[in-house]
Structures are given as C-alpha cells and as structure tokens.
Amino acid sequence: MFEPENDIERMLMLASAEPAERPGFARALMDAEVFLVLVPKGGPIVPGPDGNVTIPEGTKLTLPSAVRGEEKLIPFFTAPSRARAWFRGDHIVAPDRTRDLFGRYPDAPFVLNPDSDYGKHFTPQEVKFMLAGHFEDGPQTITTKAPEQVLLGHPKEIPDALIAALGRELDAVSSVRGAWLMLASRAGESEQSWMLGVDHDGAWEDVRAAIGRALVGDVLKGRMLDAMPLDSSSLSSTLRTGIPITASERGFLKKLFR
C-alpha cells in the first residue's frame, strides 16, 4: 500500500490516474525536493550516537544504478522511506532537487521510485525537454544547433495503434501528401524513438496539431516521437522507405482520377 507522505507524492498518484494532471506534476517535480541513495566505496559508513553518520577519509559516495532489462538508470525518490525500501545495503539518503539532478546528468535515463507502486521512467529526451521548460503532453518544437547522427530502421513489431491514430488525424489534414514512420537511434541515447516524416505543402502548425491529437492516450507506449517535414535531404529519402501512415499520396491519386 502506497500512502503519500508529501505533496509531490499526492501529485504523482493523481497524475498516474489523470493524464491531464501530468504536465502539472512534471512542472512541480522539477523544483521538488527529492532523495538519492549514496553508497560508500573505500570504507564503511560509521553511525554516531546522535544519529549522524561519519564518512571515513578516502571513502567515496556513488550513485547505484537501477536496471530495466539491459539498461541502467539513475534512481531518485520522492521520500527517504522510498529510498530505504529500495536499497538495503550500506548507504545514506541525501536530499537533492530534480532540476539540479537532471542538469548534472542530462544524457542519462532516470527512474523515480523504482520498485514502488507509484513511479516513472524518464528517457534522456524527456529530461532534455523538462530542462528546457517543456512539460505539456502535446508535441514540442525543438531546434537543434548542431547536426545529429540519427540511424533509422524498421521495427520488428508494427505499432498498429500508433499508425492508426496518426493516419486518422493526418488524413484529415488536406495539406498532407504522405507520411512515413521509422525507428530512430540517436548518438548518445540508449533508447530508440519514433521518427515521423511528413510530406506537406501547408502550415507545419496544422501537421503538428494533428500529431498532438493522435498522441492522446498511451499509443507511444513510453517511446518519444519526433516529426519532421520532408525535403531533399538523405534523411528524408530514408524516411520515405518507412511504414506509410496516410492512406495514400494525395497528389498522385488526384492526377489519376481527374
């Protein structure tokens, strides 16, 4: 039984049941006090009679990893009791602030309250979004300052629900001539994301809004989705070989049936 011990835990429970509450929880979490498990290396922690601990000279404190499959994540906790319940070995629990923690490890995946009834995984991309002040569930526009290395591939399992949702919304946008979906692996990130390429001749804001409507619910299954307008680049050429999302290339059909 998970009994909330503070406001951020009450917000976490509410956000887990109400999607509309999730942006507010993410915003509050960034400036909330959270807690880390620190494990000694080089010497034991010595408890004093006053309840404080002494760290012997030469002892280093390190963050343990939580494991999900083959991936290692940085654990953090909403209360000291959650940290103590997760790590049974010799350790101390130290307070921190989520914004500072994410800022120190912006390229790392995190997990809040591992092995607890209420928690959340954060991909490196989610961490970057939150550090940049993006908390909404809808799509965000991010401009990169330097070229990124992106490897595209076809998924082993077809995301039928995601394809159906994107197809339904993009088919309703008259400026969309075609759209294709592939898996993307970015340099320095352990988790794959979806990459959607859209061929259109109208306002990108209309496409962006349609994608936002399609992503309501859990169709992404924890993955991130990036979308880009297609042009003459090699990346766009590769994306056109992906899973077709829209029913057809409208321009081609219009020429056939006029």
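When we follow the UniProt record's numbering, the leftmost residue of the sequence shown carries the number 1, and every step to the right adds one. All C-beta atoms in this analysis are idealised placements derived from N, C-alpha and C, irrespective of residue type, glycine included. Predicted, not measured: the structure shown is a model, and the values here were computed from it.
- For the pair Ile74 and Asp96, the Cα-to-Cα distance works out to about 13 Å.
- For Val37, the pairing in a beta bridge is given by DSSP as Val93.
- Using a Cβ-Cβ distance cut-off of 8 Å, the stretch 27 to 37 and the stretch 153 to 165 are not in contact, since fewer than three pairs of beta carbons, one from each stretch, lie closer than that value.
- Here Arg177 carries a strand assignment [DSSP, helix/strand/coil].
- Under DSSP, the beta-bridge partners assigned to Ser185 are Leu151.
- Excluding sequence positions up to five before and after His121, its CB lies within less than 6 Å of the CB of Val111, all in the same chain and listed in chain order.
- Every unbroken stretch of the alpha helix (DSSP H) spanning 4 or more residues and falling wholly within the stretch 201 to 251 is given here in chain order: 204 to 214 and 234 to 239.
- Rounded to the nearest whole angstrom, the C-alpha separation of Val173 and Glu157 is 27 Å.
- Each residue's CA atom was taken as its position, placing Val219 and Ile92 some 39 Å apart.
- Here Met130 is not bridged, per DSSP, to any residue.
- Note on Asn6: under 16 other CB atoms within 10 angstroms of its CB, so exposed under the neighbour-count rule.
- In the three-state scheme derived from DSSP, where H, G and I count as helix and E and B as strand, Ala26 is classed as helix.
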